[in-house]
Structures are given as structure tokens and as C-alpha cells.
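Peer 1: In full-length UniProt numbering, the protein residues as written are 1 to 366. No residue lacks a Cβ here, since even glycine has one placed at the ideal position from N, Cα and C. Structure provided below as C-alpha cells; questions to follow.
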């Protein structure tokens with residue numbers, strides 16, 4: 001499967017330059033590369049050419065595409081109508097057209113992630129370099145499979161066990177009424193079928209995100225203390241969505257600058273700005289992304305034998321990390337990101353017996 005590579009950091013232009021150079025480098029190595037960017041003009045300006053909403057080849061092995069939310073919504077709407085027709089006897093959305101829909105807040109992230117998924121699964125690319133906002137919104141986008149999986153798990157079970165759920169699935173009066181509107185009998189088993197399909201869909205996303213050979217992020221910063229602090233914050237926040245951060249790109253002409261202590265144990269690569277549209281110096285300074293990503297600390301490790309869960313949370317101190325256990329899962333809050341840890345059967349249902357924050361790790365004992 002393909003590698004999905006993205007870059008995080010405060011400096012927009014420098015981050016986009018690194019993304020372009022990474023795409024060019026991978027393409028020069030013979031990999032089939034898709035460089036995907038947002039509708040904002042930075043990518044087009046730096047490339048010096050217009051970018052469309054369909055992949056277009058700009059060099060050998062290198063294609064570029066603009067992920068425009070309105071266009072993606074228009075395409076996805078047809079899939080929504082097909083899904084509706086699968087379950088409803090009389091579809092109600094057939095007279096609503098994708099061309100008239102506006103993108104609501106939050107929809108753009110879901111649409112972009114789905115587009116990346118489709119390109120990833122197409123088999124047409126060996127690497128997809130995504131040049132997004134590079135901030136917390138990008139992290140939430142990559143964390144969607146994890147977040148949605150939790151909502152499906154929790155609320156499906158609540159509904160099935162509720163009086164309303166039992167009434168719908170068991171009442172002899174409700175079933176004929178429901179059957180007049182739906183193409184399926186609304187039983188508990190049939191309710192489970194679509195949710196299981198959704199879970200399988202989300203599980204694929206979570207599995208890809210958990211494998212740094214398939215999805216990885218790298219930090220981009222200058223030596224400016226504000227940018228360094230922002231990169232450290234994003235580094236820790238990325239762990240909360242399960243996204244592996246493989247290294248740091250320090251954009252500087254001065255190779256004597258050393259910020260390694262701020263990002264231990266990640267390797268720091270000093271990279272130059274692009275001058276006179278000469279990309280080669282920047283390309284030559286980039287690391288082997290996969291090799292670094294697989295060596296990076298894992299966001300989470302579960303030791304069933306020791307009954308311990310270890311979460312890597314760099315950039316935060318003990319006071320910034322909150323641990324709670326309200327339901328069957330453990331919730332960890334840090335960096336404006338909340339993560340519900342789905343425990344394996346051997347630990348599920350056990351109460352937390354202890355927790356400590358040590359060397360950037362939150363270690364939870366059961």
C-alpha cells in the first residue's frame with residue numbers, strides 16, 4: 001500500500017516548500033507520487049502552475065491535485081443518494097443536487113480525508129504527500145477514524161439496550177410500519193449489519209494510521225522560539241490521534257543552529273529555503289521518511305502481561321495531561337485532544353490502579 005506523508009508546523013510557506021520537495025524527491029526515486037493540496041493558493045504559486053481538482057501530471061512519476069471541498073461534496077453526494085436508495089423504499093434526496101450544497105463547518109476535513117482514502121486505495125500511487133493546514137485541524141482529520149469508531153461503539157450499544165431500541169426490534173406493531181418505509185426488516189441483527197460495515201471501514205483507517213510505513217507526519221519549524229513551541233505542541237497532539245511523527249525539518253540557512261534538545265529522540269534535519277526555483281538543495285537535505293518514521297516512538301504501546309498501557313506524550317508536562325475512566329474505556333486528555341483507549345479483552349473492564357508521567361510517557365497500570 002501507499003505511504004501517506006504530511007507535514008505539521010506553523011510556517012505555512014516553508015511547510016509547503018518541504019511538501020513539494022518531498023514529493024519531487026520520492027518521484028525522482030521512481031515512486032508514483034500524488035501531491036495533494038488545499039484550495040488555498042500557496043501550492044499553485046510555489047509550483048508556478050494552475051492546479052485542478054483532478055490529478056494532473058507535472059513531472060515524471062509526479063501528479064498534483066487540489067482537494068476542493070465543494071467539488072468533493074458534489075461527488076460524495078451521489079454516493080449518499082445511492083446509500084439512501086439501498087435502505088429507503090421511497091428516497092427523499094433525489095431532488096437535492098450536489099451542485100447546490102454548501103460546505104458546512106467540519107465537512108471539509110471529512111471530505112478531504114475520504115478523498116485521500118480513495119487515492120490511497122486506488123493502487124495508482126506509491127506515495128501521497130498531503131499539504132494541508134499542518135495544525136490541529138489536520139490532526140483531527142487524521143483522527144476521524146478513531147473518533148467515529150468510539151461514537152459508533154458507544155451509541156450503538158446504548159440504542160440497542162434502550163427501551164426505544166428494544167421496542168423497534170421486538171414490537172409486532174412497529175415492524176410492519178417500519179417495513180413500509182425501509183427496504184430491510186428493522187431487527188437487532190439488521191441494525192448491527194450497517195454498523196458493522198461502518199466499523200470495518202473505520203478499522204481499516206485506524207490500522208493504516210497505526211502503521212508508520214503507511215501514514216507518517218514530520219514537523220517543520222524555524223529556530224524561532226514560537227515556531228519551535230508550536231511544533232512541540234503539535235508533536236504531542238499528534239500522539240493523541242495515533243499519528244506517528246518521524247522527525248523534524250529545521251528550515252535554516254545556518255547549519256550550526258541546534259534545536260535537537262527540544263525534540264529528543266527525533267532526528268532533526270536542517271533544510272534550506274528554496275531560491276530561484278531551485279529545488280535540488282532542499283531535496284538533497286531531506287531524510288529517508290519511512291526509515292525515520294519506523295524508528296520513532298509509537299504513540300501507544302499495550303503490555304498485556306504487565307497490565308500496562310504507555311502513551312507517548314511529548315511537549316506536555318504532568319499538569320497538562322488528564323486521565324479519566326467513566327465507561328468501559330480509559331480517556332486521556334492532552335493538547336486539546338481527547339483520546340478514548342480501546343482496551344484489549346484482557347484489560348477491558350479493569351479499573352485503573354495507578355498512573356505516572358515519566359520521560360514524556362503516561363504509564364497506566366490496571
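Let me confirm a value: residue 232 is counted as buried when at least 16 other C-beta atoms fall within 10 Å, else exposed. Which label applies?
Peer 2: One-based indexing of the chain shown puts residue 232 at position 232. Buried, since its Cβ has 16 or more Cβ neighbours within 10 Å.
Peer 1: Can you find the residues in the same chain that come closer than 6 Å, C-beta to C-beta, to residue 432, ignoring five residues on each side of it along the sequence?
Peer 2: There is no way to answer for residue 432, as the model of the chain reaches only from 1 to 366.
Peer 1: Would DSSP call residue 80 helix, strand or coil?
Peer 2: For this step, residue 80 is matched to residue 80 along the chain shown. DSSP places residue 80 in helix when its eight states are reduced to three.
Peer 1: Could you work out which residue in 343, 345, 309, 314 is closest to residue 354 when comparing CA atoms only?
Peer 2: Here the question's residue 354 lines up with position 354 in the chain shown. Residue 309 is the option with its Cα nearest to residue 354.
Peer 1: Are there 16 or more other CB atoms within 10 angstroms of the CB of residue 293, so buried, or fewer, so exposed?
Peer 2: By one-based count along the chain shown, residue 293 stands at place 293. The residue is buried, with at least 16 neighbouring Cβ atoms inside 10 Å.
Peer 1: CB-CB under 6 Å to residue 205, same chain, minus the five flanking residues each way: which ones, in chain order?
Peer 2: Reading the chain shown from its first residue, position 205 is the one you call residue 205. The residues are 145.
Peer 1: Hey, how far is the Cα of residue 307 from the Cα of residue 365?
Peer 2: Here residue 307 refers to the residue found at position 307 of the chain shown. Here residue 365 refers to the residue found at position 365 of the chain shown. Distance between the alpha carbons of residue 307 and residue 365: 6 Å.
Peer 1: Grab me the residues of residue 177's own chain with a C-beta within less than 6 Å of its C-beta, minus the 5 sequence neighbours each way, in chain order.
Peer 2: Translated into the one-based positions of the chain shown, residue 177 becomes position 177. Any reading at residue 177 is ruled out, since the residue's pLDDT is 46, under 50, leaving its predicted position unreliable.
Peer 1: In chain order, what residues of the same chain have a beta carbon less than 8 Å from the beta carbon of residue 104, not counting five sequence neighbours either side?
Peer 2: What you label residue 104 is simply residue 104 of the chain shown in a count that begins at 1. Hits under 8 Å: none found.
Peer 1: For a minimum of 3 consecutive residues, which ranges assigned as the beta strand (DSSP E) are wholly contained in the region 187-264?
Peer 2: 215-221, 245-251
Peer 1: According to DSSP, residue 36 sits in a beta bridge with which residue or residues?
Peer 2: If you number the chain shown from 1, residue 36 lands on position 36. 65, 130, per the DSSP bridge assignment.
Peer 1: Between the C-alpha atoms of residue 289 and residue 93, what's the straight-line distance to the nearest angstrom?
Peer 2: If you number the chain shown from 1, residue 289 lands on position 289. If you number the chain shown from 1, residue 93 lands on position 93. Whole-angstrom Cα-Cα distance: 45 Å.
Peer 1: Between residue 70 and the rest of its own chain, which residues show a CB-CB distance below 7 Å, the 5 nearest in sequence each way excluded?
Peer 2: What you label residue 70 is simply residue 70 of the chain shown in a count that begins at 1. Once the five neighbours on either side are set aside, the close Cβ partners of residue 70 are 103.
Peer 1: I think residue 244 touches residue 212, with their Cβ atoms under 8 Å apart; what is that distance to the nearest whole Å?
Peer 2: Counted from its first residue, the chain shown places residue 244 at position 244. Counted from its first residue, the chain shown places residue 212 at position 212. Yes, they are in contact, since the Cβ atoms of residue 244 and residue 212 sit about 4 Å apart, within 8 Å.
Peer 1: Near residue 95, which residues of its chain fall below 6 Å by C-beta distance, leaving aside the five closest residues on each side in sequence?
Peer 2: As a position in the chain shown, residue 95 is number 95, starting the count at 1. Correct list: empty, nothing qualifies.
Peer 1: How about residue 241 and residue 221: are their beta carbons less than 9 Å apart?
Peer 2: Reading the chain shown from its first residue, position 241 is the one you call residue 241. Reading the chain shown from its first residue, position 221 is the one you call residue 221. No, they are not a contact pair.
Peer 1: What does DSSP give as the partner residue(s) for residue 302 in the beta ladder?
Peer 2: For the purposes of this step, residue 302 is taken as the residue at position 302 of the chain shown. Residue 302 is bridged to 309.
Peer 1: Contact between the region 39-56 and the region 9-22: three or more CB pairs below 8 Å?
Peer 2: yes
Peer 1: Based on the DSSP secondary-structure assignment, which residues constitute the bridge partners of residue 294?
Peer 2: If you number the chain shown from 1, residue 294 lands on position 294. Residue 294 is not bridged to any residue.
Peer 1: Measuring only the C-alpha atoms, how far is residue 338 from residue 198?
Peer 2: One-based indexing of the chain shown puts residue 338 at position 338. One-based indexing of the chain shown puts residue 198 at position 198. C-alpha of residue 338 to C-alpha of residue 198: approximately 22 Å in a straight line.
Peer 1: Per DSSP, what kind of secondary structure is residue 51 in: helix, strand or coil?
Peer 2: Locating residue 51 in the chain shown gives position 51, where the first residue counts as 1. Coil, per DSSP.
Peer 1: Rounded to whole angstroms, what is the Cα-Cα separation between residue 2 and residue 150?
Peer 2: Numbered from its first residue, the chain shown carries residue 2 at position 2. Numbered from its first residue, the chain shown carries residue 150 at position 150. Looking at the two C-alpha atoms, the distance is approximately 26 Å.
Peer 1: Measure from the alpha carbon of residue 34 to the alpha carbon of each residue in 100, 48, 115, then state which is nearest.
Peer 2: Here residue 34 refers to the residue found at position 34 when the chain shown is read from its first residue. Out of 100, 48, 115, 115 has the C-alpha closest to the C-alpha of residue 34.
Peer 1: Between which residues of its own chain and residue 173 is the CB-CB distance below 8 Å, once the five residues before and five after are set aside?
Peer 2: On the chain shown, position 173 is the one that residue 173 refers to. Annotation note: pLDDT 49 at residue 173 (below 50); position unreliable, coordinate value reported separately. Closer than 8 Å at Cβ, skipping near neighbours: no residue.
Peer 1: Keeping to the same chain, check which residues put their C-beta closer than 6 Å to that of residue 346; ignore five residues upstream and five downstream.
Peer 2: On the chain shown, position 346 is the one that residue 346 refers to. Within the same chain, residue 346 has close Cβ partners 304.
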